[in-house]
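Trainee: Taking this note's numbering, the leading residue of the sequence shown gets 591, the next gets one more, and so forth.
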Amino acid sequence: MARKRGYKETNMEESKKRTTLDRFPCTSCGLCCKNITGIIELVGFDAGNGVCKFLDLETNLCKIYESRPLICRIDEAHKKLYSHIPLKEFYAKNAEVCNALQEANRMDKSFRVIITK
């Protein structure tokens, strides 16, 4: 019997299959949502322990995904706030931050964000 694949596994596979930069290849590791201390735009979202109060800790998914803050929407944030930075460069910087956060938290390498050339 085949094992049913979870959202995170499927999302990681799909993000790594992308060959164009049409969308940031988030792997849904959840670390950005678990480390929001010091992010001014997210002060009211902190559950008191640096974790976003809208992160479902059982599923690792955002409870307000469709209405999440702009800072949590990489592609939309680029269009509205950072369009002066080339998209590829913006993605590369975000991937660098994501991967550094993953390394610091000893997350499995399968979650690394890969930006294709």
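In this text, a Cβ means the ideal position worked out from N, Cα and C, and glycines have one as well.
1) What distance in whole Å lies between the Cβ atoms of cysteine 642 and isoleucine 664, which are believed to be in contact at a cut-off of 8 Å?
2) What is the residue span of the alpha helix (DSSP H) that histidine 668 lies within?
3) Where does cysteine 619 fall in DSSP's three states?
4) Less than 8 Å between C-beta atoms, sequence neighbours within five positions excluded: which residues of the same chain meet that for aspartate 646?
5) Find the nearest neighbour of aspartate 612 within the set Met697, Cys619 and Glu666, judged by alpha-carbon distance.
6) Quick one: measure Cβ to Cβ for isoleucine 661 and leucine 621, integer angstroms, because I've assumed they're closer than 8 Å.
7) Determine the DSSP secondary structure at leucine 645, reduced to helix, strand or coil.
8) Between the C-alpha atoms of isoleucine 704 and cysteine 616, what's the straight-line distance to the nearest angstrom?
9) Cutting at 7 Å between CB atoms, please list the residues of its own chain near asparagine 715, excluding the five before and the five after it.
10) Assign alanine 690 to one of three DSSP states: helix, strand, or coil.
11) Considering Cα atoms alone, identify which of Lys699, Ser618 and Ser700 is closest to tyrosine 655.
12) When the Cα of isoleucine 630 is compared with those of Cys688, Tyr681 and Pro659, which residue comes out closest?
Mentor: Reading off the structure:
1) Contact annotation, isoleucine 664 with cysteine 642: C-beta distance approximately 15 Å; criterion of less than 8 Å not satisfied.
2) Where histidine 668 is concerned, the enclosing alpha helix (DSSP H) stretches over 664-671.
3) DSSP places cysteine 619 in coil when its eight states are reduced to three.
4) Excluding positions up to five away in sequence, the list reads Cys652 and Lys653.
5) Looking from the CA of aspartate 612, the closest CA among Met697, Cys619 and Glu666 belongs to Glu666.
6) The Cβ separation is near 15 Å, so there is no contact.
7) Correct three-state label for leucine 645: strand.
8) Using only the alpha carbons, I get a separation of about 9 Å.
9) The chain is shown from 591 up to 707; residue 715 falls before or after that span and cannot be answered.
10) Secondary structure of alanine 690 (DSSP, three-state): helix.
11) Of the candidates Lys699, Ser618 and Ser700, the one whose C-alpha sits nearest the C-alpha of tyrosine 655 is Ser618.
12) Minimum Cα distance to isoleucine 630 is reached at Pro659.
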